[in-house]
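Please read the structure below before turning to the comments.
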Amino acid sequence: RAYNLNAGPSALPLEVLQKAQEELVDFKGAGMSVMEMSHRSKEYDEVHTEAIARLKKLYNIPENYEVLFLQGGASLQFTMLPMNFLKEGQTASYVQTGSWSEKAFKEAKVLGNAVIAASTKENNYKNIPAFDELNYNADDAYVHITSNNTIFGTEWAEFPDTGDVPLVADMSSDILSKPVDISKFAMIYAGAQKNLGPSGVTVVIIRKEFLETASENVPTILSYKTHADKNSLYNTPPTFGIYMLGEVLKWVEAQGGVEAVAKRNEEKAALIYDVIDASNGFYTGHAVEGSRSLMNITFRVADEELEKQFLAEAKEAGFVGLNGHRSVGGCRASTYNAVPYETCQALANFMKDFQAKH
Ligand code: PLP
């Protein structure tokens, strides 16, 4: 197995892939793959219902929330959210902490009056704003944040309490990486392809009271109510992806649950941040302390030539996906739930050796 540090899609647990391989052509004696089954069959229904129930339990999702499995990636949520909840005469406030929040804001502006609640763009998105820097209105349709900024490598360590103003988070790149007080959020959404499974499934966790306020004047397939009313079986869901997601959830359970995974994520990230911090400036982290992501570790190497050499040698040594996002350059190690401790250790050692050599 490669040392897979891809930002997304990213590593899946080997055990999950092996189980899927075993069951690929004959799922539980049905004589067919789960992806060949009717989405209305009893067998598939079990996979679907179990995955929803398992996520609710694992992530401590309160009773008054729905879990939906949608398609179109997190990017479609950028559109669906304002389409359903941003009504005429209202504003929605967006906190800008990176490229994905910019994209979410851009889509909201197409559909209504979206405004910026705070932005750390001037600081090249090195930090998450302080709670008292957030400017939103008491009658906003919602406040939108990006809990982890995949490209810049920053993450909200804590979440603001927005009171009666619905808080919505794009958690694509840190969902299920640590325990979260779900009750703070009116809605959470995430593409599955980092911590939850393969791409093709988008998870939405939505408070029922918030859902009830959704506009009725939304195309059927883009309405959250449609999917909630039909238990995410309004049309053909991405059945194989949902099956895989269910297996990833079982794996998280077997690891000891979200708390155990969070502890390991902290240890994994610390291996790499410690090398950066002890390098006397040979490596420079992009994110400021306090805003550092445990999922995407972004850093630069001393100078451009050495950085090229670092990336080339790392590739040679078997590390995959270490190049920073094409929009910012540099290096990025994505250390999602399924990335083994050993991979992070190998990278930390490689970084130390590279520095020693140069
Ligand atoms: N939001 C965040 C934080 C992301 O990291 C990504 C993808 O990397 C997206 C949104 C876009 O997700 P998708 O490709 O599922 O549309």
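Take UniProt numbering: the last position of the sequence shown gets the number 364, and nothing is skipped along the way. Ideal placement from N, C-alpha and C gives every residue a C-beta, glycine not left out.
According to DSSP, residue pairing for GLY291 in a beta bridge involves PHE305.
Secondary structure of ARG46 (DSSP, three-state): coil. Boundaries of the beta strand (DSSP E) harbouring GLN102: 97–102, taken from the DSSP string. Judged by DSSP secondary structure, HIS233 falls within the alpha helix (DSSP H) whose first and last residues are 230–235. Residue pairing by DSSP puts GLU72 in a beta bridge opposite ILE212. Between ILE303 and GLY159, the C-beta spacing is below 9 angstroms. Note: SER125 is bridge-paired with GLN102 in the DSSP secondary-structure output. Cβ atoms of ALA293 and LYS132 come within 8 angstroms of each other, at about 6 angstroms.
Judged by DSSP in its simplified three-state form, GLU164 adopts coil rather than helix or strand.
Proximity of the beta carbon of LEU228 to the ligand PLP is not indicated: no heavy atom of the ligand is located closer than 8 angstroms. Boundaries for ALA266: no beta strand (DSSP E) harbours it, while the alpha helix (DSSP H) harbouring it runs 263–283, taken from the DSSP string. Straight across, the Cα-Cα distance linking LYS321 with TRP162 is about 30 angstroms. Between the stretch 126–146 and the stretch 253–272, the count of C-beta pairs closer than 8 angstroms stays below three; the two stretches do not touch. According to the DSSP assignment, TYR195 belongs to the beta strand (DSSP E) that extends over 193–197. Here ARG270 is buried: its Cβ has 16 or more other Cβ atoms, across all protein chains shown, within 10 Å.
If you ignore the 5 residues before and after SER125, its C-beta comes within less than 7 angstroms of the C-beta of GLN102, all in its own chain and listed in chain order. Counting the other Cβ atoms within 10 Å of the Cβ of HIS364 gives fewer than 16, which makes it exposed.
For ALA260, the enclosing alpha helix (DSSP H) begins and ends at 245–260. Checking the 8 angstroms criterion, the Cβ of LYS109 is within range of a heavy atom belonging to the ligand PLP.
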